[in-house]
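Visitor: Sharing a structure here in structure tokens format.
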Amino acid sequence: MTVRIDVEEKTLKCSVRDLAADEERGSIGGGMLRMGRARIGRDVHQRRQEAQESERDYRREVSINQTFEIDDWTVTVRGRIDGIYEKDGSTIVEEIKSVILAPEEFSKLKPARYAMYVRQLEFYLYFLKKQEDVAAAGRLVFVNYPDGEVREFDIKPDLDDVEQSIRRAVKVLIEEALVDEREKDARRASVEKIVFPYEAVREWQDVMVEQVEAVCNSGGGILVSAPAGIGKTAAALYSSLRAAFACGRTVFFVTPKRTQQALVAETLKAMQEAGAPITSVTLAAKERMCPTGEVFCHPEVCAFAGDFYRKLVESTVIDDLLRQGIILPDEIYKRAVAEILCPFEVSLELTTRTDVVIGDYNYVFDPVVALSRFFDEDTYDHLICIVDEAHNLYSRGCDYYSPRISRSHGRELAMKLLHEPGLPQDFVRWLRSLDKLFKAARERAKDSEISYPDESEYVIDLDPEPFARVRRRLDMLVLEHLTEKRRKRIIEKEDPILDFYFAFTRFERVLSLKGPEFAYIMRLADEEEKDILRILCKDPSGQLAERVSGFHAAVGMSATLSPMTYYRDVLGFPRETELCDLPSPFPPENRKVIIVDSVDTTYRRRESFAPDIAGCICECAALRPGNYFAFFPSFKYMESVAEYVRLPGFRIERQERNMDERARRKFLAMLEGPGSHLMLGVQGGIFAEGVDYPGEMLVGVFIVSPALPRYGLDTELMKQYYHETREKGFEYAYLYPGMNRVIQASGRVHRSAEDRGIIMLLCKRFAWKQYAECIPSYWYTDSPRELIAKEPADQVAEFWRAGTGPEQ
Numbered sequence: 169m170t171v172r173i174d175v176e177e178k179t180l181k182c183s184v185r186d187l188a189a190d191e192e193r194g195s196i197g198g199g200m201l202r203m204g205r206a207r208i209g210r211d212v213h214q215r216r217q218e219a220q221e222s223e224r225d226y227r228r229e230v231s232i233n234q235t236f237e238i239d240d241w242t243v244t245v246r247g248r249i250d251g252i253y254e255k256d257g258s259t260i261v262e263e264i265k266s267v268i269l270a271p272e273e274f275s276k277l278k279p280a281r282y283a284m285y286v287r288q289l290e291f292y293l294y295f296l297k298k299q300e301d302v303a304a305a306g307r308l309v310f311v312n313y314p315d316g317e318v319r320e321f322d323i324k325p326d327l328d329d330v331e332q333s334i335r336r337a338v339k340v341l342i343e344e345a346l347v348d349e350r351e352k353d354a355r356r357a358s359v360e361k362i363v364f365p366y367e368a369v370r371e372w373q374d375v376m377v378e379q380v381e382a383v384c385n386s387g388g389g390i391l392v393s394a395p396a397g398i399g400k401t402a403a404a405l406y407s408s409l410r411a412a413f414a415c416g417r418t419v420f421f422v423t424p425k426r427t428q429q430a431l432v433a434e435t436l437k438a439m440q441e442a443g444a445p446i447t448s449v450t451l452a453a454k455e456r457m458c459p460t461g462e463v464f465c466h467p468e469v470c471a472f473a474g475d476f477y478r479k480l481v482e483s484t485v486i487d488d489l490l491r492q493g494i495i496l497p498d499e500i501y502k503r504a505v506a507e508i509l510c511p512f513e514v515s516l517e518l519t520t521r522t523d524v525v526i527g528d529y530n531y532v533f534d535p536v537v538a539l540s541r542f543f544d545e546d547t548y549d550h551l552i553c554i555v556d557e558a559h560n561l562y563s564r565g566c567d568y569y570s571p572r573i574s575r576s577h578g579r580e581l582a583m584k585l586l587h588e589p590g591l592p593q594d595f596v597r598w599l600r601s602l603d604k605l606f607k608a609a610r611e612r613a614k615d616s617e618i619s620y621p622d623e624s625e626y627v628i629d630l631d632p633e634p635f636a637r638v639r640r641r642l643d644m645l646v647l648e649h650l651t652e653k654r655r656k657r658i659i660e661k662e663d664p665i666l667d668f669y670f671a672f673t674r675f676e677r678v679l680s681l682k683g684p685e686f687a688y689i690m691r692l693a694d695e696e697e698k699d700i701l702r703i704l705c706k707d708p709s710g711q712l713a714e715r716v717s718g719f720h721a722a723v724g725m726s727a728t729l730s731p732m733t734y735y736r737d738v739l740g741f742p743r744e745t746e747l748c749d750l751p752s753p754f755p756p757e758n759r760k761v762i763i764v765d766s767v768d769t770t771y772r773r774r775e776s777f778a779p780d781i782a783g784c785i786c787e788c789a790a791l792r793p794g795n796y797f798a799f800f801p802s803f804k805y806m807e808s809v810a811e812y813v814r815l816p817g818f819r820i821e822r823q824e825r826n827m828d829e830r831a832r833r834k835f836l837a838m839l840e841g842p843g844s845h846l847m848l849g850v851q852g853g854i855f856a857e858g859v860d861y862p863g864e865m866l867v868g869v870f871i872v873s874p875a876l877p878r879y880g881l882d883t884e885l886m887k888q889y890y891h892e893t894r895e896k897g898f899e900y901a902y903l904y905p906g907m908n909r910v911i912q913a914s915g916r917v918h919r920s921a922e923d924r925g926i927i928m929l930l931c932k933r934f935a936w937k938q939y940a941e942c943i944p945s946y947w948y949t950d951s952p953r954e955l956i957a958k959e960p961a962d963q964v965a966e967f968w969r970a971g972t973g974p975e976q
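341 is the number that my numbering gives to position 173 of the sequence shown; each next residue is one higher, with no gaps.
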């Protein structure tokens with residue numbers, strides 16, 4: 169359980185394990201598999217307890233619940249004793265611990281090596297005496313995995329000494345709580361120093377500040393849909409930090425892309441320079457922070473991992489970095505490397521010491537990658553979470569819960585291990601059992617009623633239990649494998665067994681969730697050994713809701729959260745979530761939005777309208793020199809229209825597939841140079857979202873077609889699911905995601921009150937009612953139909969004449 173301390177009421181609640189905990193740690197890494205290890209521990213406990221049932225009056229899982237006073241504090245300690253039984257006239261209290269050691273190591277095992285386990289058993293003996301007035305003997309039982317060998321050690325402490333040890337442990341927890349409370353008092357006293365980082369509050373920004381701060385104080389959720397220019401980042405940080413300082417909480421600010429984290433740090437820096445006593449840490453990926461460039465976290469290979477915690481305690485790295493206030497990855501890297509410390513682990517240590525933690529969605533929402541020091545508990549109500557660009561969380565959530573395994577991966581591993589001696593042969597046999605599951609899935613695919621023959625994909629039923637059984641066996645094999653490697657002192661950067669283990673356990677973990685929001689799909693290859701079994705998460709809201717509900721407050725914000733009820737539903741926010749929909753703060757006369765309904769980009773007719781679309785774009789762009797973007801629903805259609813683009817005086821550039829960082833920077837740099845440009849790109853891509861084009865860098869965008877998700881098995885399954893659950897299958901699966909891309913791309917033009925530009929939507933569907941309902945209300949006065957133009961070039965020319973910009 170989590171240690172619960174109320175300083176005002178002077179109460180402390182904790183587990184026996186919490187009291188016995190040993191904070192001394194050594195190196196990091198070494199390859200232990202936490203989830204699998206926990207499952208093995210539970211299995212060992214259960215088997216030992218079943219074996220002891222023959223002992224007289226055997227009781228398992230005996231509850232301890234003791235309340236006592238220490239220094240005016242009321243302390244409640246709870247726990248469960250593994251087993252109690254009578255033996256030769258004595259009462260025995262048994263504490264079971266599983267270990268994974270080579271046989272020769274296990275034969276030399278001494279209890280002193282496991283001081284925390286000894287302390288835990290001693291505390292149980294003391295509390296049992298208080299609770300049942302039973303003077304028992306202690307027996308610490310070590311079960312070695314995988315051979316099942318057992319070693320037992322009698323523990324007979326002086327209970328008076330144990331009582332003093334308990335009192336000392338309680339006083340340490342109380343002192344830590346008092347120090348923490350003094351820090352909270354200091355933060356509360358500093359609330360008024362949390363000042364807005366800029367001289368003026370923008371229009372509507374004050375509304376966002378007020379509503380977000382109210383939710384962060386009271387708890388709950390809020391979604392904020394606010395167009396570019398309102399200053400969402402500053403508003404969210406200012407309001408959440410005031411609430412966090414007032415009630416002793418930490419702010420998590422998560423983004424879908426690394427580039428967006430720089431703005432968060434810059435805003436915090438401005439607040440700090442204005443006098444706010446704040447600290448923050450920005451988390452970077454482990455690969456980026458690794459000094460060796462190999463990400464091989466083994467203490468015998470990496471000097472930065474070896475003896476990490478001792479070196480950390482003996483250094484001043486944490487305090488030095490905290491004095492900087494706003495801590496960036498490069499600064500962490502520099503200081504950590506100088507002390508031969510792992511920079512990534514140093515950044516993780518800082519997360520519990522700073523006011524704000526900035527990082528990727530993964531650190532909060534990925535069930536595998538999420539920071540265990542925060543999210544291993546059911547609740548983490550000391551945290552306030554801000555989700556930036558929250559419209560991206562839905563697709564990311566689907567990805568987290570849509571794993572796959574391939575038959576070829578298992579077969580390739582079997583071939584690698586086939587001729588190796590010893591343990592690998594057990595893996596080969598295990599892989600054959602997995603292969604049988606693939607064969608059974610292939611047979612079910614032949615009878616599937618739902619299929620997508622073009623991709624050879626078939627929806628099947630998948631029973632989680634056979635996969636759970638083979639996973640339990642895999643846990644054992646992998647732990648045996650690691651034990652053998654440890655015994656032989658084998659250190660490998662690449663381990664195909666572990667690679668396969670991680671892929672399979674993620675798949676099995678999602679499979680075990682089971683529910684209508686998941687579909688199980690078999691992709692049949694011409695060669696059976698290349699079959700793929702995958703899970704499609706159609707709706708991640710249930711899983712996201714579990715995480716969101718644990719926060720004291722959750723804030724989701726984006727320029728495009730329309731319809732807000734849709735995003736509330738799919739992002740897992742509760743129904744009572746506050747919905748804050750703000751208009752643009754910019755002068756409407758600086759924006760010209762036009763719908764061209766004379767062209768048709770539906771799939772069957774789009775090719776025939778490619779010349780008309782190109783002509784419209786060229787005619788309107790030619791009216792005013794400058795930089796324009798034309799965003800298309802796909803690369804294929806972009807190429808089709810590009811064939812007809814003729815625009816003298818403009819340089820035409822196209823977005824390429826899979827552009828690296830260097831190519832992206834080069835592409836964007838063109839817009840900062842001289843001359844006029846027409847840039848062709850795709851909606852939902854790297855140039856259509858999360859990029860600013862201030863001032864003259866961009867004066868217009870042409871949005872060609874609603875960017876509806878591609879027709880296929882996945883989207884059709886989502887459509888069916890949302891029809892059955894919400895009666896809005898087309899809207900949830902196609903329309904809302906597609907129109908979100910449209911609005912995101914449109915938002916590239918106006919980033920400040922001074923920006924003037926045009927937004928042109930080309931397709932008759934934009935005039936249809938269900939599409940028009942997704943268009944921001946601040947684009948029109950009374951109805952979206954006001955935006956329809958029969959002569960778009962005339963309206964563009966009139967717009968430019970009304971402004972101060974030059975005309976051609």
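Each residue gets a CB set at the ideal place from its N, CA and C atoms; glycine is no exception.
(1) Counting only runs of 4+ residues fully inside the region 744-818, write out the alpha helix (DSSP H) ranges in chain order.
(2) Counting pairs of beta carbons, one from the region 387-394 and one from the region 719-735, are three or more of them closer than 8 Å?
(3) Are the beta-carbon atoms of Asp780 and Ala935 separated by less than 9 Å?
(4) Which runs of the alpha helix (DSSP H) fall wholly inside the region 911-957 and span at least 4 residues, in chain order?
(5) Starting from the C-beta of Ala558, find all residues in its chain whose C-beta is less than 8 Å away, skip the five residues before and the five after it, and write them out in chain order.
(6) Spatial neighbours of Leu561 within its chain, please: C-beta separation below 8 Å, excluding the five flanking residues on both sides.
(7) Smallest Cα separation from Glu959: which of Trp947, Leu903, Ile762, Arg715?
(8) Between the Cα of Arg287 and those of Asp186, Lys339, Ile260, spot the shortest distance and give me the residue it belongs to.
(9) Output needed for Pro511: all residues of its chain with C-beta closer than 7 Å, excluding positions within five of it in sequence on either side, in chain order.
(10) If distances are taken between C-alpha atoms only, which option among Phe800, Leu881, Tyr861, Ile820 comes closest to Ser873?
(11) Tell me, please, which residues DSSP counts as bridged to Leu490.
(12) So His845 and Asn908 are supposed to be a Cβ contact under 8 Å. How far apart are they, rounded?
(13) Just to confirm, is the Cβ distance from Cys788 to Asp567 under 9 Å?
(14) Around the Cβ of Arg410, are there at least 16 other Cβ atoms within 10 angstroms (buried) or fewer (exposed)?
(15) Should Met200 be labelled buried (16 or more other beta-carbon atoms within 10 Å of its own) or exposed?
(16) Do Phe797 and Ala856 have their C-beta atoms closer together than 9 Å?
(17) For Ile342, report the span of its alpha helix (DSSP H) as first-last.
(18) Where does Asp882 sit, in a helix, a strand or coil, going by DSSP?
(19) Skipping 5 residues on each side, what residues in its chain have a beta carbon closer than 7 Å to that of Tyr548?
(20) Under the three-state reduction of DSSP, which class applies to Pro974: helix, strand or coil?
(21) Does Met644 come out as helix, strand or coil in the three-state DSSP assignment?
(22) So, helix, strand or coil for Lys479, using DSSP?
(23) Which residue wins for smallest C-alpha separation from Val646, given the options Gly849, Tyr669, Tyr477, Glu263?
(24) Note down the Cα distance separating Phe754 from Ala368, rounded to an integer number of angstroms.
(25) Give the range of the beta strand (DSSP E) segment to which Ile871 is assigned.
(26) Could you check where the beta strand (DSSP E) with Glu441 kicks off and where it finishes?
(27) Quick one: Cα of Glu263 to Cα of Ile508, how far?
(28) Compute the Euclidean distance between the alpha carbons of Cys470 and Phe464, then round it to the nearest angstrom.
(29) Identify whether Tyr569 lies in helix, strand or coil by the three-state DSSP scheme.
(30) Out of Ile232, Leu269, Thr484, Glu513, which one is the CA nearest neighbour of Glu317?
(31) If you count every other CB in all the chains shown that lies within 10 Å of the CB of Glu513, and 16 or more means buried, which is it?
(32) Quick one: give me the first and last residue of the alpha helix (DSSP H) that Lys255 is part of.
Guide: Here's the rundown:
(1) Every alpha helix (DSSP H) stretch that sits fully inside the region 744-818 and reaches 4 residues is listed by chain position as 774-789, 803-810.
(2) Here the region 387-394 makes contact with the region 719-735; the two share three or more CB pairs at distances below 8 Å.
(3) Result no, Cβ atoms of Asp780 and Ala935 do not sit closer than 9 Å.
(4) Here the runs fully enclosed are 937-940.
(5) Result list for Ala558: Leu391, Gly724, Met725, Ser726, Leu729, Tyr735, Leu739, in chain order.
(6) In the same chain as Leu561, and ignoring 5 residues on each side of it, the C-beta atoms closer than 8 Å to its own belong to Pro424, Tyr529, Phe533, Val555, Leu712, Gly724, Leu739, in chain order.
(7) Of the listed residues, the one whose Cα sits closest to Glu959 is Ile762.
(8) The shortest Cα separation from Arg287 among Asp186, Lys339, Ile260 belongs to Asp186.
(9) Excluding positions up to five away in sequence, the list reads Met457, Pro459, Ile500, Tyr501, Ala504, Val505.
(10) Taking only the C-alpha atoms, the option nearest Ser873 is Phe800.
(11) As computed with DSSP, Leu490 is found in no beta bridge at all.
(12) The C-beta distance from His845 to Asn908 rounds to 26 Å, too long to fall under 8 Å, and the pair is not in contact.
(13) The Cβ atoms of Cys788 and Asp567 lie no closer than 9 Å to each other.
(14) Classification for Arg410: buried.
(15) Confidence is the limiting factor: at Met200 the pLDDT is only 44, short of 50, which leaves the residue's position unreliable, though a coordinate-based value still follows. Met200 is exposed by the Cβ-count criterion.
(16) Yes.
(17) Counting along the chain, the alpha helix (DSSP H) containing Ile342 begins and ends at 327-357.
(18) Three-state result, Asp882: helix.
(19) Excluding sequence neighbours, Tyr548 sits near Phe542, Gly718, Phe719.
(20) Low confidence applies to Pro974: its pLDDT is 42, below 50, so where it sits in the model is not reliable, and the reading given next is rough at best. In this structure, Pro974 counts as coil in the three-state DSSP scheme.
(21) Here Met644 sits in helix by DSSP.
(22) Looking at Lys479 - three-state DSSP - the assignment turns out to be helix.
(23) Checking every option, the nearest Cα to that of Val646 belongs to Tyr669.
(24) If you take the alpha carbons of Phe754 and Ala368, they lie about 15 Å apart.
(25) Start and end: 868-872.
(26) It is not in any beta strand (DSSP E) - Glu441 instead sits in the alpha helix (DSSP H) that spans 429-441.
(27) So the alpha carbons of these two residues sit roughly 39 Å apart.
(28) Distance between Cys470 and Phe464, taken at the CA atoms: about 7 Å.
(29) Coil at Tyr569, not helix or strand.
(30) Of Ile232, Leu269, Thr484, Glu513, the residue nearest in Cα terms is Leu269.
(31) For Glu513, the number of other beta carbons within 10 angstroms of its own is at least 16, and it is reported as buried.
(32) Lys255 -> not in any alpha helix (DSSP H); beta strand (DSSP E) instead, spanning 241-255.
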